[in-house]
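J.:
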Amino acid sequence: MLRCGLIEDAFLTLADLPTPRARNVPAVLARTLTREALDAALLDHHALLAKRRGRSYRVVVRVAGRQPFRREQVEAAFLRALAALLPHWVPARESAAAVEVWVHVAGGRTVVGLRVSSDELAQRRYKRAHLPASLKPTVARALVLWSGPCPSDVVLDPLAGAGTVLRERAEAGRATLIAGGDIDPAAVAAARTNAGRQAALALWDATRLPLRAASVDALITNPPYGRQHEAPGGIEALYRGLLREAARLLRPGGRCVVLTGEPAILARVAPAALRVRARHRLLMRGLAATAFIMERR
Ligand SMILES: C[S@@+](CC[C@H](N)C(=O)[O-])C[C@H]1O[C@@H](n2cnc3c(N)ncnc32)[C@H](O)[C@@H]1O
Numbered sequence: 000m001l002r003c004g005l006i007e008d009a010f011l012t013l014a015d016l017p018t019p020r021a022r023n024v025p026a027v028l029a030r031t032l033t034r035e036a037l038d039a040a041l042l043d044h045h046a047l048l049a050k051r052r053g054r055s056y057r058v059v060v061r062v063a064g065r066q067p068f069r070r071e072q073v074e075a076a077f078l079r080a081l082a083a084l085l086p087h088w089v090p091a092r093e094s095a096a097a098v099e100v101w102v103h104v105a106g107g108r109t110v111v112g113l114r115v116s117s118d119e120l121a122q123r124r125y126k127r128a129h130l131p132a133s134l135k136p137t138v139a140r141a142l143v144l145w146s147g148p149c150p151s152d153v154v155l156d157p158l159a160g161a162g163t164v165l166r167e168r169a170e171a172g173r174a175t176l177i178a179g180g181d182i183d184p185a186a187v188a189a190a191r192t193n194a195g196r197q198a199a200l201a202l203w204d205a206t207r208l209p210l211r212a213a214s215v216d217a218l219i220t221n222p223p224y225g226r227q228h229e230a231p232g233g234i235e236a237l238y239r240g241l242l243r244e245a246a247r248l249l250r251p252g253g254r255c256v257v258l259t260g261e262p263a264i265l266a267r268v269a270p271a272a273l274r275v276r277a278r279h280r281l282l283m284r285g286l287a288a289t290a291f292i293m294e295r296r
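The sequence shown finishes on residue 296 if you use numbering that gives the first Met the number 0, and the numbering steps up by one all the way, no holes.
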């Protein structure tokens with residue numbers, strides 16, 4: 000699971016319960032932490048992360064929705080509970096702790112877990128150049144997996160931005176060729192930094208691509224939605240030109256994955272040559288988006 004590229008964090012569950020409606024919720028939540036659950040999770044934690052030595056802990060609390068208590072109160076209650084349950088351990092002074100207990104209060108549900116992932120799972124090391132509308136690597140990996148990657152694939156992202164899709168495709172397995180480009184020279188430079196030698200890159204207009212017809216097996220992309228990026232001729236004209244090119248470039252049976260926040264526009268302009276096989280809805284930083292999985296007829 001830690002290697003699938005689709006998750007940002009992983010936890011061993013210590014407690015999972017409806018958020019109590021008590022008077023002193025932080026103390027009630029902290030009492031759900033038991034010696035048995037903690038010991039069992041610490042054994043698994045050690046087996047998974049044998050190199051993480053030391054006897055220090057830290058508590059991280061995430062609270063979503065309106066609650067009648069503060070995050071800091073939950074953190075203090077859990078620190079007190081851990082001090083009692085692990086008397087020979089110490090709270091970590093900085094962020095580097097041997098173990099991390101995370102408390103997620105998400106509206107009516109609270110989940111307490113021992114974290115078995117590190118920051119690198121969410122923030123890939125390769126991603127050194129950043130652009131405002133760049134995808135999270137985990138989302139880019141999902142798009143890649145929806146394209147059904149094969150080692151013989153010629154893969155194209157014609158609106159590559161910072162190159163996240165291209166790099167995630169390279170990380171997901173071999174391909175004959177991984178290529179992409181963007182109309183913005185700064186984006187092409189960012190993609191070069193992030194995707195490196197793994198992708199062939201070009202400065203181009205995705206509505207008029209200098210590529211041979213029926214030369215691509217999988218086209219994976221996320222065009223601008225009109226929220227963060229303006230398209231000079233309008234989003235609809237851009238989508239129409241992009242999908243016309245997708246239909247021209249894909250071989251029969253070729254796969255096309257497009258992530259957009261404007262699904263109605265995309266559905267309206269999709270040419271008949273692209274059959275929509277599935278739509279997946281995603282929430283990205285609170286904003287809804289739809290991934291269209293299409294196939295060249
Ligand atoms: C949402 S961003 C792509 C983000 C990218 N997937 C990433 O993870 O960084 C959309 C990109 O489309 C590019 N773009 C807009 N119009 C274009 C066009 N006509 N041809 C090529 N690229 C275009 C923008 O410059 C921008 O980098």
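No residue lacks a Cβ here, since even glycine has one placed at the ideal position from N, Cα and C.
Between the C-alpha atoms of PRO223 and VAL24, what's the straight-line distance to the nearest angstrom?
T.: Cα to Cα, the separation comes out at about 43 Å.
J.: May I ask whether a heavy atom of ligand 1 can be found less than 7 Å away from the beta carbon of LEU210?
T.: The answer is no for LEU210.
J.: With distances taken between CB atoms, is the gap from ILE219 to ARG168 smaller than 8 Å?
T.: Yes, the pair counts as a contact, with Cβ atoms nearer than the cut-off.
J.: Which residues does DSSP pair with ARG57 in a beta bridge?
T.: GLU99.
J.: Specify the secondary structure class of VAL187 as computed by DSSP and reduced to three states.
T.: Three-state result, VAL187: helix.
J.: Any heavy atom of ligand 1 within a distance shorter than 7 Å of the CB on VAL58?
T.: The answer is no for VAL58.
J.: For the beta strand (DSSP E) that THR33 lies in, which residues bound it at each end?
T.: Note, THR33: premise wrong, no beta strand (DSSP E); not H, not E.
J.: State the beta-bridge partners of ARG166 as determined by DSSP.
T.: Note: ARG166 sits in no beta bridge, so no partner.
J.: Could you check whether VAL215 and LEU242 sit closer than 8 Å to each other, using their CB atoms as the reference points?
T.: No, Cβ-Cβ distance for LEU242 and VAL215 is not below 8 Å.
J.: Which of the three DSSP states, helix, strand or coil, is assigned to PHE68?
T.: In the structure shown, PHE68 sits in coil (DSSP, three-state: anything other than H, G, I, E or B).
J.: Where does PRO86 fall in DSSP's three states?
T.: Correct three-state label for PRO86: coil.
J.: Should the segment 69-89 be called in touch with the segment 46-60, which here means at least 3 C-beta pairs below 8 Å?
T.: Result yes; three or more Cβ-Cβ pairs closer than 8 Å.
J.: Evaluate contact between the segment 80-92 and the segment 120-131, counting only Cβ atoms and requiring at least three cross-stretch pairs below 8 Å.
T.: The segment 80-92 vs the segment 120-131: no contact.
J.: With a CB to CB cut of under 7 Å and the five nearest residues on each side skipped, what residues in its chain are close to THR206?
T.: Around THR206: LEU237, GLY240, LEU241 and GLU244.
J.: Output needed for GLU294: all residues of its chain with C-beta closer than 8 Å, excluding positions within five of it in sequence on either side, in chain order.
T.: Excluding positions up to five away in sequence, the list reads GLY252, GLY253, ARG254, CYS255, LEU273, ARG274 and ARG276.
J.: Roughly how far, in whole angstroms, is the beta-carbon of PRO148 from the beta-carbon of ALA174, given that I think they are within contact range, below 8 Å?
T.: PRO148 to ALA174, Cβ: 7 Å. Contact.
J.: Return the residue from the list PRO17, ARG114, THR31 and ARG92 that minimises the CA-CA distance to PHE10.
T.: Here the closest residue by C-alpha is ARG114.
J.: Give me the residue from LEU208, ARG34 and ASN221 with the minimum Cα distance to LEU248.
T.: Per the Cα distances, LEU208.
J.: DSSP three-state label for PRO17, please.
T.: The answer is strand: DSSP assigns PRO17 an E or B state.
J.: Near ARG108, what residues of its chain come up, given a Cβ to Cβ distance below 8 Å and the 5 sequence neighbours on each side ignored?
T.: Counting only Cβ-Cβ distances below 8 Å, and skipping sequence neighbours, we find ASP15, LEU16, PRO17 and THR18.
J.: Keeping to the same chain, check which residues put their C-beta closer than 6 Å to that of ALA188; ignore five residues upstream and five downstream.
T.: Once the five neighbours on either side are set aside, ALA188 has no close Cβ partner at all.
J.: So, ALA105 versus LEU5, is the Cβ gap smaller than 8 Å?
T.: Going by C-beta atoms, ALA105 is not nearer than 8 Å to LEU5.
J.: For the putative contact between VAL143 and LEU176, defined by C-beta atoms under 8 Å, what is the C-beta separation to the nearest angstrom?
T.: Wrong, their Cβ atoms sit about 15 Å apart, outside the cutoff.
J.: Taking 7 Å as the cut-off, does the CB of ALA272 come closer than this to any heavy atom belonging to ligand 1?
T.: ALA272: no, Cβ never under 7 Å from ligand 1.
J.: Kindly indicate which three-state DSSP category LEU218 falls into: helix, strand or coil?
T.: The answer is strand: DSSP assigns LEU218 an E or B state.
J.: Given PRO184, which residues of its chain have a CB within under 7 Å of its CB, disregarding the five upstream and five downstream residues?
T.: So the list reads LEU202, once near-sequence residues are dropped.
J.: Tell me the DSSP secondary structure of THR289 in three-state form.
T.: Reduced to three states, the DSSP call for THR289 is strand.
J.: Among LEU13, ASN221 and PRO90, which has the Cα closest to the Cα of GLY53?
T.: The shortest C-alpha separation from GLY53 is found at PRO90.
J.: DSSP three-state call for LEU113: helix, strand or coil?
T.: In this structure, LEU113 counts as strand in the three-state DSSP scheme.
J.: Using the beta-carbon count (16 or more within 10 Å), is GLU119 buried or exposed?
T.: Exposed is the call here.
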